[in-house]
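The block underneath contains the structure these notes are about, expressed in structure tokens.
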Amino acid sequence: MHNLTRKLSRVLVPGALLLGAVAGCHSLVDLDEKPQTFIDPTSFYRSAADARAAVNGVYAALAGPWGFDAFMTIMCDDNEMTCWNWMSGGWTGHQSPSYVWTADYQAIHRANDIIAQVPGAAGIDSATRRVAIAQAKFGRAYAYFDLVRRYGGVPLRTTPYKQESTLGDMPRASYAQVYGQVTADLKAAGDSLPKLYNGAYNGGALPTKASAYGLLAKVYLEMAGHSVDTTTLNGKEAIYNDSALWAARMVRTVGGVQLDQRYMDVFNVSDQNSDPEILFSIQEVSNTNNSTQIPQYFGPIGDCTRVGGCGLGFMELRPEFYETFDSTDKRVEHNVAIAFSWTQTNHWRRNPLLVLYDDSLQTLKAKGLVPFDSMTWDGGWDECGASFMHPTHKVTLLPGAIGNADTVTTFVGVSKPLYSLKYLDPNYPGTYNPIILRYADVLLVHAEAANEVNGPTAEAYAAIDSVRTRAGLPKLTPGLTQAQFRDSVWTERSHELYGEFQARFDLIREGRWLTVMNRAVPSTVKHTGYYSTYPSYGVCHPRAAYQFLQPIPNTELAANQAITQNVGW
């Protein structure tokens, strides 16, 4: 079944041609002409190859928004990463949420066809039918999980679209109903998916048993958290935590997964599709228009050898977050996981003549070649109107400061950035697959759920220590209270998964998002060894409770009169 990578844009699936998609292109089509390429789902499924093509279509739909929209609408909405000020303050809503919504429902639509049609397809053997249905249910479960976390209760569509009818208006399902469908689909998928495909790891290109139970554990832990829903989920935390623990244990029981030996091996683009730790990933298409832009956004600025087309350097670790790591933690190892500085080129965000970092500025000042009062701040971290995304100086250099220069010159000095190297892609665009779920995440879910159910037991310690050991850290301090252990797991999650688009959802689930995102930063912070003093970067646009959810797309509101916009949007 593993025939998915980098071929998704060519998949033909039954009923995939949506007439509404071309309504705005009337000059190109005759709207009175009957479509010639529509394939009736009832006649499509004639062979195992047809079933595989249809499954690939489900996952192709999920790949689309991860080119830009899926990550753009949630990144920098946490306390780990910083980016340009125009990304700060929470997502304000435009076409991007619409693309995520549409793609998730497209995947659901395709999965519904498979689930309805494949069981009666005589030309498909029983083993292929079982696996194809399980793969479709996993894809549908992920899509609804994505929808409910982003938008809250959503219309719950579980039957195929019929050409001769309309779906009609459909109200939102409750949180409990959506999560009920998600958990039911994942349990069914876990029962029928294989341990491995052809006896080999596939880097999450297609889900396995461990993928299904791992995502199920994550879903149950989400349900046990501080959900926006205050009626149908709250009060059942103990039940959901217990279910999360059961599902996490099942991952170990079914097997077919293990941690990579080295942390950064998870992100090696050349080995992603055989990685034993990745449980589910989005398979991207290798071309400029459709491949994910994550490597470009995270890539260190100006590096044209390890990131194709040069990284833009939009994303950096926040300095105060970086300093929460132990100095021996391999997850922030210099020039392996984190770059403090990088080779600069003539780039539009840098002075083309010279870039000075703080340490070199201090050296020049000590030699008397930089006037003490010549350094003025220009911009700052996450500040309104900042022209750079990290602190910069305008620096006046006296004669003799640089080489044989004999005139007074003004240059730009830049504080050292903290670039994550997780997303380096020498062949950009198109070889990096966004990771949705990996085993380290599941182990930390296991540790958290075990602690919530039974306190900090040996089982809970073993799960978190597996992750810490790989990071080069000692085992977690023994004898912690339940509350202390919980805080330790939350810290470990942020250290393990930073920059992987998990933090916003974690902070909301933990009930900390508003507090963390609106927390004031001291007016002056000193960073020994990497930074000189830099000004505060307080919250530019304070987050509000309504931003727990994203806005329902206007296209859906216009087409479905049974739902209304999320409060506050």
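Numbering (our numbering), first residue to last: -4 to 564. A virtual CB, placed ideally from N, CA and C, is assigned to each residue, including glycine.
Can you name, in chain order, every residue of its own chain whose Cβ lies under 8 Å from the Cβ of residue i, other than the five neighbours on each side?
i	result
Asp25	Confidence in Asp25 is poor, its pLDDT being 32 and thus under 50, which makes the residue's placement too unreliable to answer from.
Asp324	Ala466, Gly467, Leu468 and His490
His221	Ile503, Arg504, Glu505 and Gly506
Ala554	none
Ala332	Tyr258, Met259, Lys325, Arg326, Ser415, Leu416 and Lys417
Thr464	Lys470
Tyr541	Asn561, Val562, Gly563 and Trp564
Quick check on this structure: which residue in the options has the alpha carbon closest to the alpha carbon of residue i?
i	options	result
Pro271	Ala457, Cys71 and Pro202	Pro202
Ser187	Ala195, Ala122, Tyr156 and Pro155	Ala122
Ala111	Asp73, Pro451 and Arg125	Arg125
Gly118	Leu151, Asp45, Thr97 and Ala55	Asp45
Tyr54	Glu551, Gln278, Val113 and Tyr156	Gln278
Ile128	Gln101, Ala184, Ala171 and Asp73	Ala184
Asn197	Gln267, Met310 and Glu315	Gln267
Arg326	Ala458, Gly194, Glu495 and Leu228	Glu495
Ala102	Thr68, Asp321, Gly52 and Pro546	Gly52
Ala334	Asp321, Phe262 and Lys417	Lys417
Phe320	Asp64, Thr452 and Glu75	Glu75
Val143	Asp224, Met310, Asn193 and Trp564	Asp224
Val95	Asp72, Tyr423, Thr464 and Asp64	Asp64
Leu509	Leu413, Asp99, Ser483 and Leu544	Leu544
Gln560	Thr153, Thr476, Pro166 and Pro295	Pro166
Ala557	Ala48, Thr77 and Gly163	Gly163
Pro473	Gly194, Asp255, Ala455 and Pro295	Ala455
Asp255	Tyr423, Arg433 and Pro155	Arg433
Gln253	Gln479, Ile273 and Pro290	Ile273
Pro537	Asp73, Gly175, Met67 and Gln176	Asp73
Val264	Asp420, Thr77 and Tyr156	Asp420
Compute the minimum distance between the beta carbon of residue i and the heavy atoms of the ligand ADP, and state whether it is under 7 Å.
i	result
Tyr196	The ligand ADP is not part of the structure shown, which contains no ligands of any sort.
Since residue i is in the alpha helix (DSSP H), which residue starts that stretch and which ends it?
i	result
Ser461	Ala453 to Arg465
Ser206	Lys204 to Ala219
Ile234	Glu232 to Val249
Ala179	Tyr170 to Ser187
Ile289	Ile289 to Phe293
Val50	Ala43 to Ala58
Ala557	Unbroken run through Ala557: none, as it is neither H nor E.
Met67	Asp64 to Met67
Report all residues from its chain with a CB closer than 7 Å to the CB of residue i; omit the five preceding and five following residues, and keep chain order.
i	result
Ala179	none
Val50	Ile109, Ala127, Gln130 and Ala131
Thr168	The sequence as given places Ala at residue 168; Thr does not occur at that position. Once the five neighbours on either side are set aside, the close Cβ partners of Ala168 are Gly148, Val149, Pro150 and Leu151.
Val113	Tyr40, Ala46, Ile119, Arg124, Ala127 and Ile128
Ser93	Pro548 and Thr550
Leu228	Tyr170, Ala171, Met218 and Ser222
Ile69	Phe496 and Arg499
Thr287	Trp61, Gly62, Glu279, Tyr427 and Pro429
Asp237	Val448
Tyr292	Leu307, Phe309 and Met310
Ala98	Ala56, Leu57, Gly59 and Pro60
Tyr317	Val327 and Leu413
Ala43	Ile119, Asp120 and Thr123
Go ahead and pull the three-state DSSP assignment for residue i.
i	result
Tyr192	strand
Glu505	coil
Tyr434	helix
Met512	helix
Tyr317	helix
Met76	strand
Tyr526	Here the model assigns Tyr526 a pLDDT of 35, short of 50, so the residue's position is not dependable, and the following value carries that caveat. Three-state DSSP puts Tyr526 in coil, outside helix and strand.
Glu311	strand
Gly494	coil
Ala334	strand
Gly118	coil
Ser489	helix
Ser415	strand
Gly148	coil
Gly134	helix
Ala127	helix
By Cβ distance, which residues of its chain are closer than 6 Å to residue i, with the 5 residues on each side in sequence left out?
i	result
Gly251	Lys190, Leu191, Thr203 and Ala205
Ala116	Tyr40
Val574	An answer regarding residue 574 cannot be provided, because it is not within the stretch -4 to 564 covered by the chain.
Arg145	Gln545
Glu443	Val484
Quick one: give me the first and last residue of the beta strand (DSSP E) that residue i is part of.
i	result
Leu274	Ile273 to Ser276
Within 8 Å, do at least three Cβ pairs link the stretch 227 to 242 to the stretch 200 to 216? With the cut-off at 8 Å, the stretch 200 to 216 and the stretch 227 to 242 touch.
**Prompt:** Hey, is the stretch 424 to 443 in contact with the stretch 480 to 499, meaning 3+ C-beta pairs nearer than 8 Å?
**Reply:** Short answer: they touch.
| request: Answer yes if the stretch 130 to 143 comes into contact with the stretch 104 to 120, meaning at least three C-beta pairs across the two stretches below 8 Å, and no otherwise. | output: Contact between the stretch 104 to 120 and the stretch 130 to 143 is present, because at least three Cβ pairs lie under 8 Å.
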